[in-house]
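For reference, each letter of the sequence shown is one residue, going 477 to 850 in our numbering. For every residue, glycine included, the Cβ atom is placed at its ideal position computed from N, Cα and C.
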Amino acid sequence: MKRCYIAQAEDKIGTKVYPQIEQQLSENGDPIKPVLVIFASDNANFGWYSRMLSNSFPEATVIGTTSSTVYSNKGLARTGLCVMAVTEGITVSSGLLFEASRYPKRSADSIRKALSQFPSENSVCLEFNASAENCEELVMDTFREVMKDSGIPLLGCSGATAENPDRPSAVSLNGILYMDTCAFVFIHNETGKISIVKENMFEPTKHFFVATDVDCDARKVYEFDHKGATGVVASALAIPEDELAANSFFHPLGRIEDGDLSIVGVREMFPDNSMSFFSRIYNETRVELLDPIEPVEDVWADTSRKIHDQIEAPSFSVVINCFSRMRYFTEQGKLLEYNRTLADDYGDYIGFSGHGEQYMFRHLNQTMLILAFE
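Right under this line is the structure:
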C-alpha cells in the first residue's frame, strides 16, 4: 500500500463524482485505510462529499474546505472533488474554533488540547477558515496566543465562496459541515522533515504610503499620507483614478514584516476615494506598491529549488493558492502550465483555491504556500 493516494473527479453531479473517488482510493478492490483525509470541492456538493468521505473512512481524520478550483497532480477543474489520503507515517490531532468572525478565542482550548499531543520538530498546523465576514485576523490572533512558543509552523486557507450567494464558504471536520468556523489539524511527520515555502510573484516598487485613516474591521483605508487613498495609488501608477480598478489587481500592496513581504489584495474602490482590501491594513502601517515579477516561470523555478534544497523527493505536498492567483494565471493563459509545473515538481499533491492564505499567524493575499512532507 502506498503512503499517499490522490483522487480527483470532475462533474457537477456529486453522485457521478463519488464512485470515481472511491475507486481511486482503493487497492486491489479494497478500500484503503488512511490516517488523514484532506479534501477540496465545489460549494454545491461540499456537505454531501464531507459526509460520504467520513462514512467511507470512519477511522480517519477527514478535513476539507470549499475551493473555487479543485486541482492536483491528476488535473484541474472548476467542479468536482479532489482528495488526498495519507495512510501511514503521520500522527494527527484536530479541532475547531467556533464564532470565527466574532470570538474564536472562546474555543482556544481546542488548540491547546490538540497541541499538547505534538512535538515541535517535524510538525505543522494546517487550518481552513469559513466565514461570511472577515475572520482571519481574529483566528490568527487566537492561534498566535496559544502557539507562539510552540515552534510549530502554521499555514492555511480561507474557504472559497460560490458565485451563488446562497452558498457561502464552508469547512468540514469528520463529516460535519461548518460555517463561521475554523477547522484545523496538527500533523506530525514520523518519517522525515516538513518544509513550507511561501511564494510571492510580486516585488516592491519605489512607491510607498502610510495609512493615516482606516477602518480595520471593514478592512478599509480612507487615506494614505493624509490624502484620498485611490488618488494616492493612482498617482503612483501614473493613471487616472477611473482606471485604477482595472489595474489594481496586477498591482496589490505589500507590508514588510521582519524583512518578509506580506501581500494585501485590493478588493473594491468607493466614490469617497476610499479602498477596501482582502486583509487588514492598520493605522500608521507603511505599505508598498507592488509590480508583477516577470517572467513568472522564474518564480516557479525558484520556489521549486527552495523546496528541493530542503526535501529532495517529497512524499506528498499541500498547495494553497488564493482565487486571485488562479484568476491571474487564467488571464495570462498559464493556468494549465502552472498545474503541470506543480505536478512535475511536487508529485502527489492536493491544491486549494480560496479567498486568502494564512502563514505564521499572518493573513495574506495573492500568495502561494507549499507544504511538503519528506
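Within its own chain, the residues whose Cβ lies closer than 6 angstroms to the Cβ of Phe754, once the five positions on either side in sequence are excluded, are Gly741, Arg743, Gly832, Asn841, listed in chain order. If you draw a straight line from the Cα of Glu621 to the Cα of Glu613, it comes to about 12 angstroms. Collapsing the DSSP output to three states places Pro495 in a helix. Excluding residues up to 5 positions away in sequence, Asn610 lie with their Cβ nearer than 8 angstroms to the Cβ of Asp693 in the same chain.
With respect to the 8 angstroms criterion, Thr545 and Ser829 are classified as neighbours on the basis of their beta carbons. Your pair Phe662 and Ser599 checks out as a contact, with CB atoms roughly 6 angstroms apart and the cut at 8 angstroms.
In this structure, Leu766 is the residue among Ser648, Leu766, Thr667, Ala636 with its C-alpha nearest to the C-alpha of Phe684. Counting along the chain, Lys674 sits inside no alpha helix (DSSP H); it lies in the beta strand (DSSP E) bounded by residues 670-676.
For His839, the three-state secondary structure derived from DSSP is strand. A straight-line Cα-Cα distance of about 15 angstroms links Ile739 and Ser634. Counting along the chain, no alpha helix (DSSP H) covers Gln484; the unbroken beta strand (DSSP E) around it starts and ends at 480-485. Shortest Cα-Cα distance from Thr618 to any of Tyr822, Val513, Asp585, Phe533 involves Asp585. Boundaries for Ile587: no beta strand (DSSP E) harbours it, while the alpha helix (DSSP H) harbouring it runs 585-591, taken from the DSSP string. The shortest C-alpha to C-alpha distance from Pro534 to any of Lys478, Asn650, Asp691, Asp734 is the one to Asn650.
Here the alpha carbon of Met616 sits roughly 28 angstroms from the alpha carbon of Asp701. With fewer than three CB-CB distances shorter than 8 angstroms, the stretch 575-590 does not count as touching the stretch 545-564.
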